[in-house]
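Engineer: Before anything else, here's the structure in question.
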Amino acid sequence: MKKKLILSIEGMNCASCAAIIENALKKEGGIKSVNVNFATEKAYLEFDPNEISIAGVQKIIEKLGYKASEKGSEKEMEDHHKEEKIQEVKDLKIRFIIALIFGIPLLYVSMGMMVGLYIPEIIEMNQHLIQFLLTTPVIIVAFKLYISGLKAILRRAPNMDSLIFIGTSAAYIYSVAISLSTWLNIKTYGMKELYYEIAAFILIFILLGKYLEAITKGKTSEAIKKLIGLQPKEATVIKDGQEMKIPISEVKVGDIILVKPGEKIPVDGIVIDGYSGVDEKAITGESIPVEKKKGDEVIGATINKTGVLRFKTTKVGKDTMLAQIIKIVEEAMGSKAPVQLLADKVSLYFVPTVVVIAVVSFAVWILAGHPFSFALTAFIAVLIIACPCALGLATPTAVMIGTGLAAKNGILIKSGKALEIAHDLNMVIFDKTGTLTKGEPVVTDVVEITNTRFNILQIAASIEKNSEHPLAQAIVNKAKEKNLALSEVEGFQAIPGHGVTADLSTKGGIKKILFGTRKLMTDNRINPSLIEEKMIVLEDQGKTAMILAQTPLRNEISNGASKEIIGIIAVADTLKDYSKEAVKMLHKMGKKVAIITGDNKRVGQAIAQQVGIDRVLAEVLPQEKSAEIKKLQSEGNIVAMVGDGINDAPALAQADLGIALGSGTDVAIETGEIVLIKDDLRDVITAIDLSRYTLNKIKQNLFWAFFYNIVGIPVAAGVLYPFTGWLLNPAIAALAMAFSSVSVLLNSLSMNFYNTDSFS
């Protein structure tokens, strides 16, 4: 038995923290899968409650020095998270300003003379003391970093704060030692050997970087914040003929809700009275208001535009469409794309490796005969320039923005893995009925083959009234339209993919009626070849032709009664809007397109020809669809299956990428890796293109994060010194480190300029 759990984690300072927590949890029995996301500050787990409890998971995290709390309601979580983040940004801003107030005069005192500024004699004579007094407050305002870094070292799980702690402590303590020796007249040192300004400005730049990072990190989760903020706080409920406003949390299934023009629809339900246009853009991305009348479904958090609606509540709380979307988007934002695996491995060993490189560079310069101060500069620069945060933020921030953009446009991308697969796929398969077509077929032809006293349509409708298949409904609707009285049948049996059979009482006795495909006829020893020409003509027009036959019951066979085909009924389904356009756009993107259908090849080819599809997989029973996809995969294709998410579930699961079409509030959440809320096939193209765009951003982020560290660390260690005579100043290293994370975040935020309108 597996349960899902989301924990908010406090105290993570860099990607190494996330990697340490994740690695520790993976080693625990009972935890089936775990993903700790530095960008969202959450842990996403699947665990067996029989083996480990939630409290047990929290204890493991807390032993590592972090605080883990279980996620409350969406609203509570959002309010708490928002307050926390506002406070964090405010705190970092104050700390940075205080540090800068002391840092500017320190810069003047320590560097002024070098750039030709006038330094009063009293300051020059007391530089050690003044620099000490100006640097110490900077150390104090940044002391949180020291506590975090030291604790991580003591737990033998060093993080980025540990690098800052070691580097700035070394610079500060060394400078204090120089000052003490000067004050005590133990030895005279040149002023250039003081490192106060380096320690101070490293911390100033780190605080600036953390401040900017906190601001930009907050912006990456705007999509989920907006979704959570969509739900109204109150609903107008009608009880005993009276209108009363109650909190949304008190609304129950079955309540009658009144929504006036301009108000938000609070929960999901079915209209029982009224007529209005409803703006569903926030949920589906559809800009044109949708007409709602009695019997139509309404979605919570959409806006009633014109008329008054009364509706009966069908879903509340976590069952509403909005709650399901929030759950999917949040889980997607916390997921990892496979491309991140390398960055995760690097993050786990990053800090210890950097410490080793720093120590080695220090030792090499000492052994090479350089002064202690020179080797110390290289040591500090290596520690400070290293940045695991950039690696940790590269993928999740891009995934957060990408999935948020998709949700805004009615596309639910359920994982980072789905983004990567969508980018790589080369073939898209569409189910026919309900996907390429509207799934609302109508009867087009009724062909009588033999003279019968019964109306062909009446017989077919009498049997099909027991079936829920869309084709059956079309036949029943046509009979009702013609005011035909339907007869009672016995022994009804549906044969998936073939048709139906039933016993029907007639004046000539009880007949067994068969209605369906050629295969149904041949299985019952009825020869369909006599009507083949008529069938072909209908099927070449893209119509589904079904054969109606009668066969005597056993007691009638001895009386000479025979099996015979008595008619054909043809049904046609209309293509969905933009089906042809979607296929054309997929071809433009270089994708192969196929159609899969239970209809025979002629019908499939007729539909394929109308929309421009390359390949037809026909006469495929529902249970055989997944096997057909497996065949295509064995040919080397990376396959996306687009279906209605209900009867196509096995095929969606077998495909490399399952894309489920939603309709209204009936979204097949558990089926596809991507769910399209509105039935617009152009969203398939938008989803694929948005995946490509997001993955490109992830690759850009990872490239710059790796490039920065691969180039920055050796430069800080002094590899350029033998050729250029230049050694990197640790304060400049701190500035570079601070902006490496911010640059990755800004690159991800630039995704908000992506224009989905060009694909819809």
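Reminder that position 118 of the sequence shown reads as 117 in numbering that gives the first Met the number 0, one-by-one numbering, no gaps. The C-beta atom is built at its ideal place from N, Cα and C for all residues, glycine as well. Given the structure is predicted, the values throughout are model-derived calculations rather than measurements.
V338: which of F705, V714, W725 and I697 sits nearest, CA to CA?
Structural biologist: Minimum Cα distance to V338 is reached at I697.
Engineer: What is the rounded straight-line gap between the Cα of L308 and the Cα of N754?
Structural biologist: When rounded, the distance between both Cα atoms is 34 Å.
Engineer: What residue range does the beta strand (DSSP E) around S7 cover?
Structural biologist: Taken as a continuous stretch (DSSP letters only), the beta strand (DSSP E) holding S7 covers K2 to E9.
Engineer: Using the beta-carbon count (16 or more within 10 Å), is M124 buried or exposed?
Structural biologist: With fewer than 16 Cβ atoms within 10 Å of its Cβ, M124 is classed as exposed.
Engineer: CB-CB under 6 Å to T573, same chain, minus the five flanking residues each way: which ones, in chain order?
Structural biologist: Once the five neighbours on either side are set aside, the close Cβ partners of T573 are K437.
Engineer: Determine whether the beta carbon atoms of V741 and G208 lie at a separation below 8 Å.
Structural biologist: Yes, they are a contact pair.
Engineer: Considering only their Cβ atoms, is the gap separating S504 from S528 smaller than 8 Å?
Structural biologist: Cβ distance not < 8 Å, so S528 and S504 don't count as in contact.
Engineer: For E279, which residues of its own chain have a beta-carbon under 7 Å away from its beta-carbon, when the five flanking residues on both sides are left out?
Structural biologist: E285, V289, I298 and T301.
Engineer: Where does A407 fall in DSSP's three states?
Structural biologist: Before going further, note that residue 407 is Lys rather than Ala in the sequence given. Helix, per DSSP.
Engineer: Nearest-angstrom Cα distance between A17 and I428?
Structural biologist: In a straight line, the C-alpha of A17 is about 39 Å away from that of I428.
Engineer: Determine, using beta carbons only, whether G515 and V602 come nearer to each other than 8 Å.
Structural biologist: Going by C-beta atoms, G515 is not nearer than 8 Å to V602.
Engineer: What is the rounded straight-line gap between the Cα of M320 and the Cα of I568?
Structural biologist: Between M320 and I568, the C-alpha separation is close to 39 Å.
Engineer: Do the CB positions of G409 and I676 come within less than 8 Å of each other?
Structural biologist: In this structure, I676 lies closer than 8 Å to G409 by Cβ.
Engineer: Using 10 angstroms around the beta-carbon of L521, count the other beta-carbons present and answer buried if the total reaches 16, otherwise exposed.
Structural biologist: Note that residue 521 corresponds to Thr in the displayed sequence, not to Leu. Under this definition T521 is an exposed residue.
Engineer: For the stretch 255-338, which segments carrying the alpha helix (DSSP H) assignment without a break, of at least 4 residues, lie completely within its bounds, in sequence order?
Structural biologist: Counting only runs of 4 or more, we get 280-283 and 320-333.
Engineer: Counting only the same chain and skipping the five closest in sequence on each side, list residues whose C-beta sits under 6 Å from that of D272.
Structural biologist: Same-chain partners within the cutoff: R309.
Engineer: With distances taken from CA atoms, which of F378, N751, P370 and F738 is nearest V355?
Structural biologist: Residue F378 is the option with its Cα nearest to V355.
Engineer: Which of helix, strand or coil does DSSP assign to N695?
Structural biologist: Helix.
Engineer: Find the nearest neighbour of M588 within the set R681, W364 and S466, judged by alpha-carbon distance.
Structural biologist: Nearest C-alpha to M588: R681.
Engineer: Give, in chain order, every unbroken run of the beta strand (DSSP E) that is at least 3 residues long and sits entirely within the stretch 383-438.
Structural biologist: The stretch 383-438 contains these whole beta strand (DSSP E) runs: 410-412 and 426-430.
Engineer: Taking only runs of the beta strand (DSSP E) that begin and end inside the stretch 453-496, which ones reach a length of at least 3 residues, in chain order?
Structural biologist: Entirely contained in the stretch 453-496, the beta strand (DSSP E) runs reaching 3 residues are, in chain order, 488-494.
Engineer: Reducing DSSP to helix, strand and coil, say where F200 ends up.
Structural biologist: Residue state, collapsed to three classes: helix.
Engineer: Return yes when the Cβ of A733 is within less than 8 Å of the Cβ of A205, no when it is not.
Structural biologist: According to the sequence as given, residue 205 is Ile; it is not Ala. Yes, Cβ-Cβ distance for I205 and A733 is below 8 Å.
Engineer: What is the DSSP secondary structure of L366, counted as helix, strand or coil?
Structural biologist: Residue state, collapsed to three classes: helix.
Engineer: Given P770, which residues of its chain have a CB within under 6 Å of its CB, disregarding the five upstream and five downstream residues?
Structural biologist: The structure shown has nothing for residue 770, since the chain only spans 0 to 759.
Engineer: Within this structure, are the beta carbons of L418 and L694 separated by less than 8 Å?
Structural biologist: In contact: L418 and L694 (Cβ atoms closer than 8 Å).
Engineer: Could you tell me which residues DSSP puts in a beta bridge with L234?
Structural biologist: It is worth fixing the name first, because residue 234 is Ala in this sequence and not Leu. Looking at the DSSP assignment, A234 forms a beta bridge with I245.
Engineer: So, under 8 Å CB-CB, D47 and I420 are touching, yes? Tell me the CB distance rounded to an integer number of Å.
Structural biologist: That pair is no contact at about 28 Å.
Engineer: Identify, in the order they occur along the chain, each residue of the same chain with its Cβ nearer than 7 Å to the Cβ of I214, setting aside the five sequence neighbours on each side.
Structural biologist: Hits under 7 Å: V88.
Engineer: Counting pairs of beta carbons, one from the stretch 145-164 and one from the stretch 114-133, are three or more of them closer than 8 Å?
Structural biologist: With a cut-off of 8 Å, the stretch 114-133 and the stretch 145-164 do not count as touching, because too few Cβ pairs lie within range.
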